[in-house]
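A.B. asks: In mature numbering (1 follows the signal peptide of the UniProt record, and there is no 0), the protein residues as written are -23 to -1, 1 to 149.
In this text, a Cβ means the ideal position worked out from N, Cα and C, and glycines have one as well.
Predicted model, so just to flag it, every value in this text is computed and none were measured.
Mind looking over this structure? Questions follow.
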Amino acid sequence: MASFTFFLFAATLTVLLATPASCQYYNHLLAGERLNTGQALTQGGYSFIIQSDCNLVLYEYGSAIWSSGTNGKGKGCYVTMQTDGNLVIYNRKNKAIWASNTNRETGNYILILQKDRNVVIYSLPIWATGTNTVGSAGVAIAGAGNGTVAVSGAEQNKVREMGKMVELKSDE
């Protein structure tokens, strides 16, 4: 029995290790990352998915509450958070079919599906779906001098804890 349990454990571990990182779903997309058709950001009962019809849709417990309006505009689409701060949907021919029109200078941008249901592009907030629910705490973003960005959920949005994420140095 012990050898069967070990075999089952080893087989499970092998499958988990062989699963590509692109199959893992998170609530954020960093600059330079993308979601392929069928992949989604998730947060609680919310999902932000690029569908097979090329429509980017925000769902709340299975009900669509926002979409890019790009259904039927292509096949094999993907959505990417570009390093210029622009969220763009491309078809399989790499032609842009929708954009958030938030392109700025090159930087460290992050797209977050927040706990309040809003989908926001941060460096400083430059675009959002505007779908946040009333009374939600949201998230806090702290930029570090080394070019990285720290994200803190509502439970951790205390000034003393945020201060631990960023070390400020004076020029003096």
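Checking 8 angstroms against the spacing of the C-beta atoms, do Asn13 and Cys31 come in under that value?
C.D. replies: Cβ distance not < 8 angstroms, so Asn13 and Cys31 don't count as in contact.
A.B. asks: What is the rounded straight-line gap between the Cα of Thr106 and the Cα of Ile27?
C.D. replies: Answer to the nearest angstrom: the Cα atoms are 15 angstroms apart.
A.B. asks: Where Val65 and Leu90 are concerned, what is the direct C-alpha to C-alpha distance, given to the nearest angstrom?
C.D. replies: Their backbone Cα atoms lie some 16 angstroms apart in a straight line.
A.B. asks: Sort out for me which residues DSSP pairs Ile26 with in a bridge.
C.D. replies: Answer by DSSP bridge pairing, in chain order: Ala17, Val34.
A.B. asks: From Ala73 to Asn80, what distance separates their C-alpha atoms?
C.D. replies: Cα to Cα, the separation comes out at about 13 angstroms.
A.B. asks: Does the distance from the CB of Lys50 to the CB of Asn63 come in under 8 angstroms?
C.D. replies: No, these two residues do not count as a Cβ contact at 8 angstroms.
A.B. asks: What's the call for Ile42, buried or exposed, on a 16-neighbour Cβ count within 10 Å?
C.D. replies: Result: exposed.
A.B. asks: Note the first and the last residue of the continuous beta strand (DSSP E) segment covering Val97.
C.D. replies: 96 to 99 is the extent of the beta strand (DSSP E) around Val97.
A.B. asks: What whole-angstrom Cβ distance do residue 151 and Ser40 have, given they're in contact under 8 angstroms?
C.D. replies: No answer is possible for residue 151: the residues shown for the chain start at -23 and end at 149.
A.B. asks: Could you tell me the alpha carbon to alpha carbon distance between Val111 and Arg94, rounded to whole angstroms?
C.D. replies: If I take the Cα positions, the gap works out to 10 angstroms.
A.B. asks: Determine whether the beta carbon atoms of Tyr86 and Ala8 lie at a separation below 8 angstroms.
C.D. replies: Going by C-beta atoms, Tyr86 is nearer than 8 angstroms to Ala8.
A.B. asks: With a Cβ-Cβ cutoff of 8 angstroms, do Gln20 and Asn4 count as a contact?
C.D. replies: Contact: yes.
A.B. asks: Whose C-alpha, out of Thr108, Arg11, Asn109, is nearest the C-alpha of Gln59?
C.D. replies: If we check each option's Cα against that of Gln59, Arg11 comes out closest.
A.B. asks: For a quick check, are the C-beta atoms of Thr83 and Leu35 less than 8 angstroms apart?
C.D. replies: It is not a contact, given that the beta carbons lie outside the stated cut-off.
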